[in-house]
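Numbering (this note's numbering), first residue to last: 112 to 384. C-beta: ideal position from N, C-alpha, C; glycine also.
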Ligand code: GLU
């Protein structure tokens, strides 16, 4: 079997050692290695970070195959996927502001920030009235209806085996909003299929999101790849590396004279954690 993997960073900052580990983890397993820039959120992504990511990966020596897939250049494709879900009666407009959602969630029922479903209950007439009045809205997935249509779901996680996908705790996830025409969940699922990804290798911080991804794959008629979520690199205090940790960015390391070979050797030896 041809193993096709990908690295799919969001250009909201420069790459740090944690990203390098993720890219290397996918690259080392690949017969075909794809690069994708997940830059749908125009409020957070910047072209200079996208260029920096490409430059840093080249410096690191992790070569990818074929064209770079830049999501912002493909909005009509994501729109078409949204239309499929709308056609199945699974989307509804949500007019709630963040403040309204926070208030509705004030009831003490655990830490999950799940949308209480306020706008799911609006009548067709009420929806139309608010849309005609120009109210901003997001599109949410009707999770209960989606689960009824999807039936039983599962995915294969390397090292763990088959796992039942249970997206219900995510509630009615947002799949599009005014300033971000499609969501991470929808785009990732669409593009993994489009790029023929057989193995999704990414950080364990995205493990839970897989439950939603498997549901969307089923609803859109897309294949479910094999998943492998890797450990996250941590700093000396045991905290996850984040974009704020400038010292760990690849460009800071390059400026300090660190050799890419040394970074990759550390990964091979199971270090850098
Ligand atoms: N774009 C996501 C991120 O930078 C990763 C997506 C994925 O690997 O599924 O966190």
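Thinking just about the alpha-carbon of each residue, which of the options is nearest to the one in residue i?
| i | options | result |
| --- | --- | --- |
| residue 251 | 205, 262, 258 and 212 | 205 |
| residue 325 | 261, 135, 176 and 381 | 261 |
| residue 263 | 319, 279, 271 and 132 | 279 |
| residue 365 | 157, 168 and 137 | 168 |
| residue 242 | 121, 207, 211 and 226 | 207 |
| residue 145 | 152, 177, 381 and 151 | 177 |
| residue 148 | 209, 182 and 170 | 182 |
| residue 162 | 363, 122, 190 and 191 | 122 |
| residue 386 | 379, 327, 342 and 213 | In the structure as shown, the chain starts at 112 and stops at 384, and residue 386 therefore has no counterpart that could be examined. |
| residue 248 | 277, 271, 270 and 291 | 291 |
| residue 368 | 170, 313, 156 and 379 | 170 |
| residue 312 | 245, 153, 244 and 269 | 269 |
| residue 299 | 271, 159 and 334 | 334 |
| residue 303 | 213, 332 and 276 | 332 |
| residue 385 | 329, 301, 271 and 330 | There is simply no residue 385 to check, as the chain begins at 112 and stops at 384 in what is shown. |
| residue 276 | 227, 319, 214 and 184 | 319 |
Counting only the same chain and skipping the five closest in sequence on each side, list residues whose C-beta sits under 7 Å from that of residue i.
| i | result |
| --- | --- |
| residue 231 | 203, 253 and 283 |
| residue 143 | 113, 115 and 176 |
| residue 370 | none |
| residue 137 | 116, 117, 118, 144 and 312 |
| residue 223 | Low confidence applies to residue 223: its pLDDT is 48, below 50, so where it sits in the model is not reliable enough to give any reading. |
| residue 188 | 301 |
Note down, in chain order, each residue of its chain lying with its Cβ closer than 8 Å to the Cβ of residue i, except the 5 sequence neighbours on either side.
| i | result |
| --- | --- |
| residue 193 | 202, 250, 286, 287, 293 and 297 |
| residue 317 | 340 |
| residue 135 | 171, 173, 375 and 378 |
| residue 323 | 278, 281, 284 and 296 |
| residue 246 | 206 |
| residue 306 | 115, 117, 145, 147 and 180 |
| residue 256 | 200 and 201 |
| residue 330 | 195, 196, 199, 201, 257, 260 and 261 |
Rounded to a whole number of angstroms, what is the C-alpha to C-alpha distance between residue i and residue j?
| i | j | result |
| --- | --- | --- |
| residue 112 | residue 124 | 35 Å |
| residue 179 | residue 118 | 10 Å |
| residue 237 | residue 229 | 13 Å |
| residue 372 | residue 289 | 44 Å |
| residue 130 | residue 239 | 44 Å |
| residue 381 | residue 347 | 16 Å |
| residue 274 | residue 186 | 32 Å |
| residue 151 | residue 120 | 11 Å |
| residue 220 | residue 212 | Because residue 220 sits at a pLDDT of 45, beneath the cut-off of 50, its placement in the model cannot be relied upon, and the following sentence gives the value as read from the coordinates. Taking the straight line from one Cα to the other gives about 14 Å. |
| residue 158 | residue 258 | 38 Å |
| residue 342 | residue 141 | 19 Å |
| residue 156 | residue 244 | 30 Å |
| residue 166 | residue 154 | 22 Å |
| residue 139 | residue 164 | 18 Å |
Taking its Cβ as the centre, do 16 or more other Cβ atoms sit within 10 Å of residue i, making it buried, or is it exposed?
| i | result |
| --- | --- |
| residue 376 | exposed |
| residue 209 | exposed |
| residue 190 | exposed |
| residue 265 | exposed |
| residue 321 | buried |
Using a Cβ-Cβ cutoff of less than 6 Å, which residues in the same chain neighbour residue i once the five nearest sequence positions on both sides are dropped?
| i | result |
| --- | --- |
| residue 337 | 267 and 310 |
| residue 308 | 115, 117 and 336 |
| residue 225 | 282 |
Closer than 6 Å: residues whose CB approaches a heavy atom of the ligand GLU: 119, 120, 121, 149, 299, 313 and 317
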